[in-house]
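A.B. asks: Supplied in structure tokens, the structure appears directly below.
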């Protein structure tokens, strides 16, 4: 029935009228635009080269106006509109390939002026393909100083939002398929943990804080909760900073950060988009997806509302003969996002936004290791539910080269999981685990965006995070509560960082973050005598951490960059469950040294290459293992080291064609064991868990006009090397060593398009994750196969 509804919706979308056919060919022709934000004088020559047009500027004072970033394939008119949005200027067509930029007399800011300025003589520039202006620079906004990428000492990956959505929205899988340095567990959507560059701890959703900081804009998405796997509809871009980011982002950024930048509400235009698709999965059931995006200007005062809504159903493909069921692991995702932009005037802005997403999995997606492909024999259903909601307010002001911003959010995140705890020959038993997280966070910062060789940022932040984990265990009809735990963390932080060009083309960066944390918690459903005995363990305690950072960057010749950096990161301690007891685990700490070289100008050079090497020392690693009762628990397992070498290559041999290749090598070792793991031999322990020893990614993208339409095809292949599930003899299973592939195609224009996507082209089974249920005693083990070959057909329309 659901599949029929999706088909009906898809047919309805295809029957919608469109204005594209009434447009002249010149107006409907699309161009590939990749333009960062900056001043009009910097960006206009680059825009002219990319769009193949000539542009004049009517008012010389407009040259220093700030313009917005534009990325994607679109008409010249649409690109100019996006670039000039909010600048007080507009573009007027004066010929088939000629435009003029002039002041927008209807703009709200001009309307508030007391007197209009007299017209000035027209100053004209021809921004054509032969312009010798310097190439555009990608701006790394995650540095909080709007630092140009050639001045950033490290690896920053920029993923375009339109590219992530090309071929269908797959949430975090869209990012994973485009980056070799990011890895993940694969329990299921809304239940996974993310890792960057070999900094990985464990496979379970426990009390430990994440090793990767995830942000929506400047708002932290979670603390010690799994990846919420928000669907990336209507995203402008995603920035990924590799390596510890403790100075700017504090606790929980040991491996790096992932910063998702949504498309802001636009006060100058009404937009409406709809996307619908149907899919079929080999060996499984069909699925479908439907999404809508709307932008509403509010009056003429710079206010706007932007709304996104979506629903997705992915068909199951795992059979359970034990229960006589087929395709048991269907999953559903429903959610949305709304953002209200207000313009109070005097260079202030306010954005009020909210997110809600619900993920429901009917059953687990793992299979038995010794069974035929895609088969699992379990006595019970192992469904999961993830609910994520947040409310956010961001206030900002710009004046005299300074930027002030205050971001506040409240997050409510809940995950319910069920595991099969049945032992061979015994009746069915269930283990239910519920994790509830509530977080309040604020960051306020003042910055001088980098210009003329200097930039800085100072700020404060506050996080109050409360997490409760409860468990029940027993048969289907009667279950009893087992020991759970509640953790509380309050962090107060001050930080600062400065960037200065100490010599021509030599840039130094230094920063420091100081954090004071109050930690506490208590056991849940603990026997009273044990609770009294453990009062000292659960008592409140405090800790302080100082996280410095240093870097040095040199550009000896144009488009060649060398850099070296030092950075630290940490995670605070907490409480965990070990049998019937509540135990304490300490904070862990990562120190990383990194050096690298880059060749080419990111995003605009026909040839780009990068190579980096990093070495990390990880002290008091927080990780999960199986306790004496067969349940997952958390402890400090010891000290380790991780060495990573990564490289990337991008070539654009002709217009419309690009080739990409990236690879990473990880060598990790737990060198010393803590007393908690005295039963594990060091040789058995081996590598840090869930990190592939090596991974390789290749992609090809080609776009060509076909009449008034554009055709684009993108193909990718990712090899994920071998890794280990976790710590200890019961979690020593191997995983990885598989190839994931895909191909996406689209024919259309900015108003309408038809796309076809095929994933897992060769129908590989693989083993993404070797955990099914932690109750592994007496079993042959598990594997998590790739989703079988799937084909999706979709249409998108826009007005």
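In my numbering, the protein residues as written are 100 to 898.
Every residue, glycine too, gets a C-beta built ideally from N, C-alpha and C.
DSSP beta-bridge partners for residue 412?
C.D. replies: Counting from one through the chain shown, the residue named residue 412 turns up at place 313. Per DSSP, 387 and 431.
A.B. asks: Which residues does DSSP list as the beta-bridge partners of residue 353?
C.D. replies: Taking the chain shown and counting its residues from 1, the one referred to as residue 353 is at position 254. Bridge partners of residue 353: none, in fact.
A.B. asks: Take residue 767 as the anchor and find which of 846, 761, 823 and 812 has the nearest alpha-carbon.
C.D. replies: On the chain shown, position 668 is the one that residue 767 refers to. Closest option to residue 767, Cα to Cα, is 823.
A.B. asks: What does the alpha-carbon distance come out to for the pair residue 752 and residue 277?
C.D. replies: By one-based count along the chain shown, residue 752 stands at place 653. By one-based count along the chain shown, residue 277 stands at place 178. Approximately 20 Å, taken between the alpha carbons.
A.B. asks: Assign residue 240 to one of three DSSP states: helix, strand, or coil.
C.D. replies: Position 141 of the chain shown, counted from the first residue, corresponds to residue 240. It is helical.
A.B. asks: For residue 403, count neighbouring C-beta atoms within 10 Å of its own C-beta (all shown protein chains included) and say buried if the count is 16 or more, exposed if not.
C.D. replies: Taking the first residue of the chain shown as position 1, residue 403 is located at position 304. It is buried - the Cβ of residue 403 has at least 16 other Cβ atoms within 10 Å.
A.B. asks: With DSSP as the reference, label residue 808 as helix, strand or coil.
C.D. replies: Position 709 of the chain shown, counting from 1, holds the residue named residue 808. The answer is strand: DSSP assigns residue 808 an E or B state.
A.B. asks: Kindly indicate which residue of 548, 581, 583 and 646 has the alpha-carbon position closest to the one of residue 592.
C.D. replies: Walking along the chain shown from the start, residue 592 turns up at place 493. The residue with the shortest Cα to Cα distance from residue 592 is 646.
A.B. asks: Given residue 900, which residues of its chain have a CB within under 6 Å of its CB, disregarding the five upstream and five downstream residues?
C.D. replies: This structure does not reach residue 900, given that the chain is present from 100 up to 898, and the question cannot be answered.
A.B. asks: Report the start-end ranges of each beta strand (DSSP E) in the stretch 729-765 that is 3 residues or longer and not cut off at the edges.
C.D. replies: Segments of the beta strand (DSSP E) lying fully in the stretch 729-765: 731-735 and 737-753.
A.B. asks: Apart from the five residues on each side of it in sequence, which residues of its chain come closer than 8 Å, Cβ to Cβ, to residue 888?
C.D. replies: Numbered from 1 along the chain shown, position 789 holds the residue referred to as residue 888. Hits under 8 Å: 380, 381, 857, 858, 859, 860, 861 and 862.
A.B. asks: Let me confirm a value: residue 641 is counted as buried when at least 16 other C-beta atoms fall within 10 Å, else exposed. Which label applies?
C.D. replies: What you label residue 641 is simply residue 542 of the chain shown in a count that begins at 1. It is exposed - the Cβ of residue 641 has fewer than 16 other Cβ atoms within 10 Å.
A.B. asks: List the endpoints of the continuous beta strand (DSSP E) containing residue 348.
C.D. replies: On the chain shown, position 249 is the one that residue 348 refers to. Careful: residue 348 lies outside any beta strand (DSSP E), inside the alpha helix (DSSP H) at 345-348.
A.B. asks: Using a 10 Å radius around the Cβ and a threshold of 16 neighbouring Cβ atoms, would you call residue 886 buried or exposed?
C.D. replies: Position 787 of the chain shown, counted from the first residue, corresponds to residue 886. Answer is buried; the Cβ neighbour count reaches 16.
A.B. asks: Report buried or exposed for residue 717, applying the criterion of at least 16 other Cβ atoms within 10 angstroms of its Cβ.
C.D. replies: For the purposes of this step, residue 717 is taken as the residue at position 618 of the chain shown. Looking at its Cβ environment, which holds 16 or more other Cβ atoms inside 10 Å, residue 717 is buried.
A.B. asks: CA-CA distance, residue 731 and residue 429?
C.D. replies: The count along the chain shown starts at 1 and reaches residue 731 at position 632. The count along the chain shown starts at 1 and reaches residue 429 at position 330. If you take the alpha carbons of residue 731 and residue 429, they lie about 26 Å apart.
A.B. asks: Taking all protein chains shown into account, do 16 or more other C-beta atoms lie within 10 angstroms of the C-beta of residue 643, making it buried, or fewer, making it exposed?
C.D. replies: By 1-based counting over the chain shown, the position of residue 643 is 544. Residue 643 comes out exposed.
A.B. asks: Can you give me the Cβ contacts of residue 406 inside the same chain, cut-off strictly under 6 Å, excluding the 5 residues immediately before and after it?
C.D. replies: Walking along the chain shown from the start, residue 406 turns up at place 307. Cβ neighbours of residue 406 beyond the five flanking positions: 393 and 437.
A.B. asks: Do you know how far the Cα of residue 265 is from the Cα of residue 237?
C.D. replies: Position 138 of the chain shown, counted from the first residue, corresponds to residue 237. Position 166 of the chain shown, counted from the first residue, corresponds to residue 265. The straight-line gap from Cα to Cα measures roughly 21 Å.
A.B. asks: What does the alpha-carbon distance come out to for the pair residue 454 and residue 490?
C.D. replies: The residue you call residue 454 lines up with position 355 of the chain shown. The residue you call residue 490 lines up with position 391 of the chain shown. Those two C-alpha atoms are separated by around 7 Å.
A.B. asks: In angstroms, rounded to a whole number, what distance separates the CA positions of residue 104 and residue 842?
C.D. replies: The count along the chain shown starts at 1 and reaches residue 104 at position 5. The count along the chain shown starts at 1 and reaches residue 842 at position 743. At residue 104, the pLDDT of 44 sits below 50, so the modelled position is not reliable; the number obtained from the coordinates is stated separately. Straight-line Cα distance between these residues: approximately 26 Å.
A.B. asks: In this structure, does DSSP put residue 208 in helix, strand or coil?
C.D. replies: The residue given as residue 208 occupies position 109 in the chain shown. Note that residue 208 has pLDDT 33, beneath the 50 cutoff, so the model's placement of it is unreliable and no number is given.
A.B. asks: Using the Cβ count rule (16 or more neighbours within 10 Å means buried), how would you classify residue 501?
C.D. replies: As a position in the chain shown, residue 501 is number 402, starting the count at 1. With fewer than 16 other Cβ atoms within 10 Å, it is exposed.
A.B. asks: Taking only the alpha-carbon atoms, compute the straight-line gap between residue 609 and residue 200 and give it to the nearest angstrom.
C.D. replies: Here residue 609 refers to the residue found at position 510 of the chain shown. Here residue 200 refers to the residue found at position 101 of the chain shown. Approximately 40 Å, taken between the alpha carbons.
A.B. asks: Which residue from 343, 348 and 360 puts its Cα closest to that of residue 354?
C.D. replies: Sequence index remark: in the chain shown, residue 354 carries index 255 (1-based). Looking at the Cα atoms, 343 is the closest of the given residues.
A.B. asks: Quick check: what's the CA-CA separation for residue 883 versus residue 563?
C.D. replies: Here residue 883 corresponds to residue number 784 of the chain shown, with the count starting at 1. Here residue 563 corresponds to residue number 464 of the chain shown, with the count starting at 1. If you take the alpha carbons of residue 883 and residue 563, they lie about 35 Å apart.
A.B. asks: With DSSP collapsed to three states, give me the class of residue 565.
C.D. replies: The residue given as residue 565 occupies position 466 in the chain shown. Reduced to three states, the DSSP call for residue 565 is strand.
A.B. asks: Looking at C-alpha atoms only, which residue of 252, 494, 670 and 595 is the closest neighbour of residue 697?
C.D. replies: Here residue 697 is taken as the residue at index 598 of the chain shown, counted from 1. Among 252, 494, 670 and 595, the Cα nearest to that of residue 697 is on 252.
A.B. asks: Could you tell me the alpha carbon to alpha carbon distance between residue 167 and residue 691, rounded to whole angstroms?
C.D. replies: For this step, residue 167 is matched to residue 68 along the chain shown. For this step, residue 691 is matched to residue 592 along the chain shown. Each residue's Cα considered, the two are about 35 Å apart.
A.B. asks: For residue 863, which three-state DSSP category applies?
C.D. replies: Residue mapping note: residue 863 aligns to position 764 of the chain shown, counting from 1. Coil at residue 863, not helix or strand.
A.B. asks: At a cut of 8 Å, does the stretch 610-620 reach the stretch 344-351 through at least three beta carbon pairs?
C.D. replies: Output reads yes: the stretch 344-351 touches the stretch 610-620.
A.B. asks: Out of curiosity, what's the CA-to-CA distance linking residue 183 and residue 154?
C.D. replies: Working through the chain shown from its first residue, we reach residue 183 at position 84. Working through the chain shown from its first residue, we reach residue 154 at position 55. Cα to Cα, residue 183 sits roughly 13 Å from residue 154.
A.B. asks: Could you give the DSSP three-state label for residue 182: helix, strand or coil?
C.D. replies: Looking up residue 182 in the chain shown gives position 83. Helix, per DSSP.
A.B. asks: What residue from 459, 412 and 408 has the CA that sits closest to residue 434's CA?
C.D. replies: Looking up residue 434 in the chain shown gives position 335. Of 459, 412 and 408, the residue nearest in Cα terms is 408.
A.B. asks: Checking the sheet assignment: what are the DSSP bridge partners for residue 597?
C.D. replies: As a first step, residue 597 must be located in the chain shown, where it is residue number 498. In the DSSP output, where bridge partners are listed per residue, residue 597 has 555 and 609.
A.B. asks: With a floor of 3 residues, list each beta strand (DSSP E) that falls wholly inside the stretch 471-549, ordered by position along the chain.
C.D. replies: You should have 483-498 and 501-519.
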